[in-house]
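Read in order, the letters of the sequence shown are residues 290 to 567 in our numbering.
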Amino acid sequence: MNMSIRQAVSPAEARTFDTDALRRNFLVTDLFGFGEIRMTHSHVDRTILGGAVPGGSPLELHAPEKFMVASFLTRREMGVFNIGGKGAVILDGTEHPLPAGDCLYVPMGVETVAFKSEDAASPARFYFVSTPAHAHHEIRIIARDEANRVEIGEDDGANRRTLRQYIHPDICSSCQLLMGMTMIATGSVWNTMPCHTHDRRSEAYLYFDMAPETRVFHFMGEPQETRHLVVANEQAILSPGWSIHCGAGTSNYGFIWSMAGDNQEFTDMDMVAMEDLR
């Protein structure tokens with residue numbers, strides 16, 4: 290198990306970054322490795338992004354030594370999606386099957402977490418996000434059909450997409466973590482357009498379900514100082530609250546989004562007018 294660290298970056302710093310610096314600070318390219326748990330810890334809202342690809346035996350999630358706690362979820366909560374083959378998450382000895390498209394909420398206080406593949410030849414690929422927590426809630430599996438489904442966009446804007454809210458106050462109680470999945474409709478390319486910021490919350494995107502040659506051009510930065518990152522399949526973006534976060538793909542794709550911060554009001558976005566973008 291290994292974990293990289295990303296420090297917080299101010300808008301003034303980000304304006305000076307070249308492509309390599311932007312990628313080092315905001316793009317996570319190596320979340321998934323067979324037989325490994327890999328994590329990236331962002332000091333923006335102390336969010337952890339993780340990937341686990343278990344082989345023939347389960348992978349146990351331990352607290353990094355720097356956390357100085359007994360277990361990973363001593364003071365944290367976590368959401369887990371499976372984007373690979375059949376698998377399960379084992380919580381305090383109880384196995385929770387997690388099919389692709391479903392989400393598992395894991396509360397603060399769970400002492401042991403392990404990830405398991407049903408077939409090592411077609412392993413599960415678990416993507417998890419963890420944020421600090423202050424209270425214990427219930428373990429919950431949210432099936433794809435149980436999530437809030439919202440149809441957004443239009444064909445004329447090339448931004449038609451289906452958004453599903455899984456860890457959301459209407460569906461599943463949590464301390465601060467919000468998670469969901471958005472799938473872009475065939476023939477559309479844009480996500481989160483028109484764009485917005487929400488300075489009260491940071492966000493992370495895992496782009497997935499992409500062909501090897503497909504790329505997403507992810508736009509970030511202050512509305513008047515935008516930049517872009519070229520993102521491949523199963524790579525993640527760290528988006529601080531001051532930044533816009535939208536993208537256009539060369540073909541179909543989806544993304545798993547997560548948020549952390551001061552509130553759980555999903556509609557508290559500060560919309561950015563198209564004519565104000567630079």
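Note that CB positions come from ideal geometry on N, CA and C, so glycine has one too.
- Task: Output the boundary residues of the alpha helix (DSSP H) element that contains N314.
- Result: T308 to F315
- Task: Would you kindly check if the distance between the Cβ of M397 and the Cβ of H425 is under 8 Å?
- Result: yes
- Message: For F323, tell me which candidate among Q454, M548 and V342 has the shortest Cα-Cα distance.
- Response: Closest option to F323, Cα to Cα, is V342.
- Output the boundary residues of the beta strand (DSSP E) element that contains E440. N437 to I441
- Message: What does the Cβ neighbour count give for R429, buried or exposed, with the cut at 16 atoms within 10 Å?
- Response: buried
- Taking C-beta to C-beta, are I533 and V505 nearer than 8 Å? no
- Quick one: what does DSSP say K355 is sitting in, helix, strand or coil? In this structure, K355 counts as helix in the three-state DSSP scheme.
- What are the boundary residues of the beta strand (DSSP E) that includes P300? Under the DSSP assignment, P300 falls outside any beta strand (DSSP E), being part of the alpha helix (DSSP H) whose first and last residues are P300 to A303.
- Query: Run through DSSP, which three-state label would E407 get?
  - Reply: coil
- Residues near T336 in its chain [Cβ-Cβ closer than 7 Å; skip 5 each side]: Taken in chain order, the residues that qualify are V418, T420, S491, A493 and A549.
- Message: Measuring only from the beta carbon, is S406 closer than 7 Å to any heavy atom that is part of the ligand MN?
- Response: The ligand MN is not among the ligands present in this structure, which contains no ligands whatsoever.
- What's the C-alpha gap between L566 and P412? 42 Å
- Query: So is K405 buried or exposed if we call it buried at 16+ other beta carbons inside 10 Å?
  - Reply: buried
- Over the uninterrupted beta strand (DSSP E) stretch that includes G382, give me the two end residues. It is not in any beta strand (DSSP E) - G382 carries neither H nor E in the DSSP assignment.
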